[in-house]
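Undergrad: Following this message is one structure expressed as structure tokens.
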DNA sequence: ATGCCTAAGCCCCTTAGA
């Protein structure tokens, strides 16, 4: 089975590109981030026409995650991590959705960006990562095959960014962000893209600004983590880079892993 | 030191993203 993750940056603005990507690459599971719509704005029928059934967790204007499965309904296992946003009284942001698909637990997340650093948004990011870690530990303890995908908003190593200097003060690569990421990996998760590309130089995001795509000024923040049971089944992992080059593209490219059945 | 672009809301300017 093929499990893909795509930060689409707005499901309404991206719908033609998104349908094109589903039709061309046919992932078994497609995890979407930043759908940027309320629950009732989700285009269910557009995906059903392509053979996909979905669950989603929306929110007005920002954030929002969805899980699409080819030919089956995802069995929802958890929605949200129970952590409030950084503003007083705003409640929980739509960043976390978890489902079972063909015996595999699939976690789809959109981790807080954390800029500017330092500040309350950065504190929120770190707090979110600690709660996430606890949840993922419970999943590991269950010893069921599991995959955690999404926009982690963490650049793990210097080899995962086009310019360390340009990004040095960014929340995405602060030591505290990286430490939190590696604490999660240390619990037993395998970073599939890193394993397959040990020398780095693989990007999943290119800014819209300053000609970043044309200059290949990108970095790797979208990840796929595998439980030990899934790491043994890894056949391939990659980035659908060509989809970043298209008209009205997202600023992220899709990432995917292929697991032996 | 800052803007560079894009999406969405309520809508021609602001907030947020990374």
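Residue numbers (this note's numbering): 1032 to 1292.
Cβ atoms here follow ideal geometry from the backbone N, Cα and C, with glycine treated the same way.
Just so it is clear, the structure is predicted and the values come from calculations on it, not from any experiment.
#1: Roughly how many whole angstroms lie between the Cα atoms of residue 1038 and residue 1283?
#2: Please name the residue in 1130, 1197, 1175, 1229 whose C-alpha comes closest to that of residue 1061.
#3: Please report the residue range of the alpha helix (DSSP H) in which residue 1260 lies.
#4: Since I believe residue 1287 is in contact with residue 1257 (beta carbons under 8 Å), could you give me their beta-carbon distance rounded to a whole number of angstroms?
#5: Please return the same chain residues whose Cβ sits closer than 6 Å to the Cβ of residue 1035, not counting the five positions on each side in sequence.
#6: Ignore the nearest five residues each way along the sequence and tell me which others in residue 1085's own chain have a CB closer than 6 Å to its CB.
#7: Can you check the stretch 1124–1168 for any beta strand (DSSP E) of at least 3 residues that lies completely inside it and give the ranges in chain order?
#8: With distance defined between alpha-carbon atoms, name the residue in 1082, 1278, 1259 nearest to residue 1174.
#9: How would you label residue 1239, buried or exposed, when you count the other beta carbons within 10 angstroms and need 16 or more for buried?
#10: Thinking just about the alpha-carbon of each residue, which of 1191, 1063, 1212 is nearest to the one in residue 1158?
#11: Find out if the Cβ-Cβ distance for the pair residue 1236, residue 1252 is shorter than 7 Å.
#12: Assign residue 1276 to one of three DSSP states: helix, strand, or coil.
#13: Which same chain residues end up closer than 7 Å to residue 1115 when comparing Cβ atoms and leaving out the 5 residues on each side of it in sequence?
#14: I need the boundaries of the beta strand (DSSP E) containing residue 1033, first residue and last residue.
#15: Would you kindly report the start and end of the unbroken beta strand (DSSP E) that includes residue 1085?
#16: Please report the straight-line C-alpha distance between residue 1222 and residue 1143, rounded to a whole angstrom.
#17: Would you report the Cα separation of residue 990 and residue 1127, rounded to the nearest angstrom?
#18: What did DSSP end up calling residue 1109 once you bin it into helix, strand or coil?
#19: Output needed for residue 1266: all residues of its chain with C-beta closer than 7 Å, excluding positions within five of it in sequence on either side, in chain order.
#20: Run through DSSP, which three-state label would residue 1115 get?
TA: Walking through what the data contain:
#1: 6 Å
#2: The option with the nearest alpha carbon to residue 1061 is 1130.
#3: 1259–1262
#4: Actually they do not touch by this definition, with Cβ atoms about 12 Å apart.
#5: 1058, 1061, 1285, 1287
#6: 1078, 1097, 1099
#7: Look at the stretch 1124–1168 and you find these whole runs of beta strand (DSSP E), each 3 residues long or longer: 1127–1132, 1135–1141.
#8: 1259
#9: exposed
#10: 1212
#11: It is a contact, given that the beta carbons lie within the stated cut-off.
#12: helix
#13: 1121, 1122, 1123
#14: 1033–1038
#15: From DSSP, the beta strand (DSSP E) with residue 1085 extends over 1083–1088.
#16: 19 Å
#17: The displayed coordinates of the chain run from 1032 to 1292. Any statement about residue 990 would go beyond what the structure contains.
#18: strand
#19: 1289, 1290, 1291
#20: Strand.
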